[in-house]
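The structure appears right after this line, and notes come after that.
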Amino acid sequence: MIDVQLLRTEIDAVAKRLATRGYVLDVAAFGALEEKRRQVQTATEQLQSQRNALAKQVGQAKAKRDDALAAALMRQGTELGETLKRMEAENTVVQERLREFVSLVPNLLDASVPVGNRPEDAVEQRRWGEPRKFAFRPKDHVDLGATLGGLDFDTAAKLAGARFVVMKGAIARLHRAIAQFMLDTHTAEHGYVEVYAPYIVTGACADGVTSLAKFKGDLFKIEDRDLYLIPTSEYPVTNFVRDTIVPLEQLPLRFACYSPCFRSEAGAAGKDTRGMIRNHQFDKVELVQIVHPAKSYDAHEELTGHAEAILRKLELPHRVVTLCTGDTGFSSAKTYDIEVWLPGQNAYREISSCSNFEAFQARRMQARFRNEKGKPELVHTLNGSGLAVGRTLIAVMENYQRADGGIDIPPALQHYMGGLKVIATSR
RNA sequence: GGAGAGGUGACGGAGCGGUUGAACGUGCCGGUCUCGAAAACCGGAAUACGCGCAAGCGUAUCGUGGGUUCGAAUCCCACCCUCUCCGCCA
3 MIDVQLLRTE IDAVAKRLAT RGYVLDVAAF GALEEKRRQV QTATEQLQSQ RNALAKQVGQ
63 AKAKRDDALA AALMRQGTEL GETLKRMEAE NTVVQERLRE FVSLVPNLLD ASVPVGNRPE
123 DAVEQRRWGE PRKFAFRPKD HVDLGATLGG LDFDTAAKLA GARFVVMKGA IARLHRAIAQ
183 FMLDTHTAEH GYVEVYAPYI VTGACADGVT SLAKFKGDLF KIEDRDLYLI PTSEYPVTNF
243 VRDTIVPLEQ LPLRFACYSP CFRSEAGAAG KDTRGMIRNH QFDKVELVQI VHPAKSYDAH
303 EELTGHAEAI LRKLELPHRV VTLCTGDTGF SSAKTYDIEV WLPGQNAYRE ISSCSNFEAF
363 QARRMQARFR NEKGKPELVH TLNGSGLAVG RTLIAVMENY QRADGGIDIP PALQHYMGGL
423 KVIATSR
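If you're matching positions, the first sequence starts at 3 in our numbering and goes up one per residue.
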């Protein structure tokens, strides 16, 4: 959530900055709401003050056994009560409306974010590795999976409809190996604490990391309950610190969480209908950091590096881009996407998204720390995929494919595959 | 799922209709004493919001949301959570 004080004091500057996102801040609407709020809140508090004073007088009158005075004061209180009740109800409505307005405003972007409104306006930061030159025409993961019998979309469709996958045999094991490898790397080499968390969270938690009102269509909801399947473990893990004040010396908190992710609108745009690039269910190892505000941009660079390290160890060519203003997510102040090379598509495709949310999520969650002066202050939160497991599987399959349709196992994963070096075709 | 107990400040723990933002203790910060420290003593200390240039004043907050009342941490209702016992279960 954006700081309301900022809207009150510098709304024109805020509107200008938000415009680079393509977001139109309704300055007039906010002004009107704010004016109304000020008026109603002040009136309400004055009435409450009168009621409190009156009640106190009743108590004093009763202590002096002045029943006549007490009765008169109580009659006054009854009258006041009715006016107050109406005013309080109005106040609740106005406050709620204002809260709603503010909670729908996206985060302010960092000054370093490139201006643009199309995905192609992302700015490349660096590249690692050279796409392999194939002596044959490389297949995509769907064909490779069909040949190996390891990816079965037909059976998945029978079970749950489109955009799911069934994995079998060595491919299923490779999928598991990749997740284990990522988790081990982040905990052993990058200083993250492995966590296991619920795959279902409350609406309040969802609203803590983004705007639930705005994005609930992307989520699977549990019927008749205020509970949602997580679209990423960012949801439960970042909320570890909701409504808490973290001691200064405990920062930074670093968590790595392996979980399935469920996304309802995964295919709404009609993109990537083939294969398992974009499914309703996929696994991901998520990195989450809770940090001191002064250190969040350093942490952002580090976290992105931790995600990249996985691709370097797997020797998968990739690049890092900074998303442009129009393409950066609602809660984020700055986002790096890591894109891996997919020979089957002859393109770099997103495999990780690493964001600094500054205090935007912390304000929604009321996640604070006790600062150097002993005062509570909002933390900064970050997260990034480290990495999406299914897409990493695709990248390994496509980049390590052999002319005969088999898959070489990257050296870093062989240990996790019981020493296996190749997934061979059975035909 | 059934039966019972309970949710109060950093923590422990009182309060069970009136001047209680909340006794008391521990912890924390400042001071006195001391060569220094401990002990003892004195003092201070919640969060959010509103109005105000400021000093300051006001409002809200005792799990959450409603209700009763002139007045609710205290009474009533619903929900959530924790603990104990029973049942069921990977």
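C-beta: ideal position from N, C-alpha, C; glycine also. Since the structure is predicted, the reported quantities are computational estimates derived from the model, not experimental observations.
Taken atom to atom, the span from the alpha-carbon of Gln41 to that of Ala91 is near 14 Å. The DSSP-derived three-state label of Leu176 is helix. Note that the region 103-121 does not touch the region 133-151; fewer than 3 beta-carbon pairs, one per stretch, sit closer than 8 Å. Closest in alpha carbon position to Arg365, among Lys377, His382, Asn358, Arg351, is His382. With respect to the 8 Å criterion, Ser387 and Lys286 are classified as neighbours on the basis of their beta carbons.
A straight-line Cα-Cα distance of about 7 Å links Thr22 and Val117.
Taking C-beta separations shorter than 8 Å and ignoring five residues to either side along the sequence, the partners of Ser114 in its chain run Thr324, Lys336, following chain order. Setting aside the 5 residues that flank it on each side, Ala174 is surrounded in the same chain by Gly152, each with a C-beta closer than 8 Å to its C-beta; the list follows chain order. Comparing alpha carbon positions, the residue from Asn109, Arg67, Thr44 closest to Leu86 is Thr44. Only exposed fits Ala65, as fewer than 16 other CB atoms lie within 10 angstroms of its CB.
DSSP places Asp245 outside any alpha helix (DSSP H), giving it a letter other than H or E. DSSP, reduced to helix, strand and coil, places Gly307 within a helical segment of the structure shown.
Ranked by Cα distance from Gly210, the options Val195, Thr189, Ile232 are led by Ile232. Between Leu56 and Ala63, the C-beta gap is not smaller than 8 Å, which leaves the two residues out of contact.
DSSP places Cys259 in no alpha helix (DSSP H) but in the uninterrupted beta strand (DSSP E) bounded by 255-264. Here the region 190-205 makes contact with the region 235-248; the two share three or more CB pairs at distances below 8 Å.
The beta carbon of Ser105 lies closer than 8 Å to those of Met3, Asp209, Ser213, Ala215, Arg366 in the same chain, with the five residues before and after it left out. Taking Asn281 as reference, the option from Val203, Tyr25, Asp245, Phe155 with the minimal CA-CA separation is Phe155. Distances from the CA of Glu304 to each of Gln52, Ser357, Val107 were compared; the closest alpha carbon is that of Ser357. A direct Cα-to-Cα measurement between Val342 and Arg321 gives close to 7 Å. For Gly205, the enclosing alpha helix (DSSP H) starts and ends at 205-211. In the three-state reduction of the DSSP assignment, Thr383 falls in the strand class, which pools E and B. For Tyr237, there is no enclosing beta strand (DSSP E); the residue is part of the alpha helix (DSSP H) that begins and ends at 236-240. Residue environment analysis places Ser355 among the buried positions, since at least 16 neighbouring C-beta atoms fall within 10 angstroms of its C-beta. Counting along the chain, Val107 sits inside no alpha helix (DSSP H), nor does DSSP assign it H or E at all. Counting only residues of its own chain and dropping the five nearest sequence neighbours on each side, Gly407 has a CB closer than 6 Å to the CB of Thr149, Thr427.
Our two residues, Cys207 and Phe217, have alpha carbons roughly 13 Å apart in a direct line. Membership of Lys336 in the beta strand (DSSP E) is indicated by the continuous run 336-344. The continuous beta strand (DSSP E) containing Asn358 extends over residues 349-358. Here DSSP, grouped into helix, strand and coil, assigns Ile224 to coil. In the three-state reduction of the DSSP assignment, Asp14 falls in the helix class, which pools H, G and I.
Apart from the 5 residues on each side of it in sequence, Gln78 sits with its Cβ closer than 7 Å to the Cβ of Leu56 in its chain, given in chain order.
Residue pairing from DSSP places Asp410 in a beta bridge opposite Val424.
Annotation: Ile425 to Arg265 spans about 30 Å, alpha carbon to alpha carbon. By the Cβ test, the region 286-301 is in contact with the region 250-266, since at least three Cβ pairs between them sit closer than 8 Å. Spatial neighbours of Gly346 in its own chain (CB-CB distance under 7 Å, excluding positions within 5 residues in sequence) are listed in chain order as Pro140, Lys141, Asp142, His143, Glu400.
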